[in-house]
Amino acid sequence: MGKKLDRDQELQSVEALQKYYFANNHQNGPFNTKVEVLLKKGRKLAFNANVSIVIAFDSSSQKISIMWEDDGFDDFRDIQLFGTYNCHYTKMKYLKTKKILEINSSDSNKIVRVYVP
């Protein structure tokens, strides 16, 4: 896990995850959805996946968990992906017109885009 975000960035990430959650009819999962993984350099598509998602909101943590193994990515850590992205440490934004949660971890060379199912 990388460096903790400053308070404004953290609140932006929490808001983005909440907007995704509300756009998905308040479903926290598990549910299956399409995920795109982009390379940060040039924002080119690396691959698509269909995976299970779980969203957690509680008093101390707001996070999204992605079960990469569901689509055969057992070695996801080796390619700089993570099973959990926490709003305290990971920049997130919600692209309303596309209904996508965009996850941009400072510990990875990839951007993860999670679609509303």
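The number in my numbering is simply the position in the sequence shown, starting from 1, with 4 added. Note that CB positions come from ideal geometry on N, CA and C, so glycine has one too.
- Distance check between T101 and each of Y89, V120, F86 places V120 closest, using alpha-carbon atoms only.
- With contacts defined by Cβ atoms closer than 8 Å, N32 and A53 do not form a contacting pair.
- Around the beta-carbon of K67, 16 or more other beta-carbon atoms lie within 10 Å, marking it buried.
- DSSP places E73 in no beta strand (DSSP E); its state is neither H nor E.
- In the DSSP assignment, R117 falls within the beta strand (DSSP E) that extends over 114 to 119.
- A buried status is given to K114, since no fewer than 16 other beta-carbon atoms sit within 10 Å of its beta-carbon.
- N52 is bridged by DSSP to E40.
- For L21, the uninterrupted alpha helix (DSSP H) segment begins and ends at 11 to 27.
- The beta-carbon separation of S65 and N90, rounded to 6 Å, stays under the 8 Å limit for a contact.
- Per DSSP, I83 is not a residue of any beta strand (DSSP E), being assigned neither H nor E.
- In chain order, A27, V120 place their CB closer than 6 Å to the CB of K103, counting only its own chain and leaving out the 5 sequence neighbours on each side.
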